[in-house]
Amino acid sequence: MKMNIEKEYKILVTKAQFFTLLQQYPNAAFHKQINTYYDTVDGRIRQHCGAMRIRQKQNTYLFTLKLPAQEGLREYEMPVAKNDITVFQLPQIKSLLTDLIHDQPLLEIAQATTYRAQIDLSHAQLCFDYTVYGEITDYELEYEYTLPHDGLPVFQSILAPAQVSYHANCPSKIERVYQALARQ
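Position 22, counted from 1, in the sequence shown is what the working numbering calls 152; the numbers after and before it change by one each time, with no gaps.
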């Protein structure tokens with residue numbers, strides 16, 4: 131199992147802003163990924179400000195658990211064979227979850243489909259995501275660090291052509307899905 135600290139800036143933008151900014155990257159190609167989120171009935175992972183998913187990209191599946199860290203998020207990742215609740219019984223995943231969920235059963239909470247164009251920059255990856263869940267489509271830009279640096283001025287300069295300035299307005303995808311479910 132791989133563990134890293136995820137540090138990123140992300141911002142929700144309008145559809146028009148999204149496509150204005152995308153014009154700076156004419157070679158950007160979108161790929162579909164389906165995120166299936168899991169938790170216990172009483173939401174133990176969410177209570178720890180975490181999120182757990184299996185992401186399907188074409189015929190590959192990736193388990194991810196994100197939990198708060200002092201700076202950013204601790205992100206645990208491991209390829210799995212399928213998107214099925216049985217993968218949580220794999221020894222590496224089960225041992226990771228034991229203290230978090232205390233053997234409570236897990237269930238599928240929600241699913242969201244994201245179309246992502248990823249651009250590799252010198253010190254970061256820039257992701258253009260549009261995500262569909264229920265009848266909602268939202269538009270998000272993520273600037274995820276790959277090397278330490280002061281990324282905020284870089285991200286601000288990327289956003290400038292659409293007259294957008296970074297401010298923390300973007301809950302995680304799973305949190306946005308939870309909010310949408312609560313409104314239904």
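For glycine and all other residues, C-beta sits at the position ideal for the given N, C-alpha and C.
The structure presented is a predicted model; accordingly, all values stated were derived computationally and were not measured.
Residues near residue 219 in its chain [Cβ-Cβ closer than 8 Å; skip 5 each side]: Excluding sequence neighbours, residue 219 sits near nothing in its chain.
N-terminal and C-terminal residue of the beta strand (DSSP E) that residue 268 is part of: Element bounds for residue 268: 266-275.
Residue 211 beta carbon less than 9 Å from that of residue 196: By the CB criterion at 9 Å, residue 196 and residue 211 fall outside the cutoff.
Residue range of the unbroken beta strand (DSSP E) whose run includes residue 150: For residue 150, no beta strand (DSSP E) run applies; the uninterrupted alpha helix (DSSP H) run containing it begins and ends at 145-152, by DSSP.
Contact the stretch 190-206 vs the stretch 265-274: 3+ CB pairs below 8 Å: Result no; under three Cβ-Cβ pairs closer than 8 Å.
Residues sharing a beta bridge with residue 280, DSSP: In DSSP, residue 280 forms no bridge with anything.
Whole-angstrom distance between residue 305 and residue 279, CA atom to CA atom: For residue 279 and residue 305, the gap between their C-alpha atoms comes out near 28 Å.
Pick from 289, 226, 273 that is closest to residue 153, judged by C-alpha positions: Comparing Cα positions, the closest option is 289.
Residue from 132, 235, 187 whose Cα sits closest to the Cα of residue 243: Check the Cα spacing between residue 243 and each of 132, 235, 187: the tightest is with 187.
Where residue 199 falls, given that 16 or more other Cβ within 10 Å makes a residue buried: Burial check for residue 199: the Cβ neighbour count within 10 Å stays below 16, so the residue is exposed.
Alpha helix (DSSP H) segment containing residue 229, residue limits: Residues 221-231.
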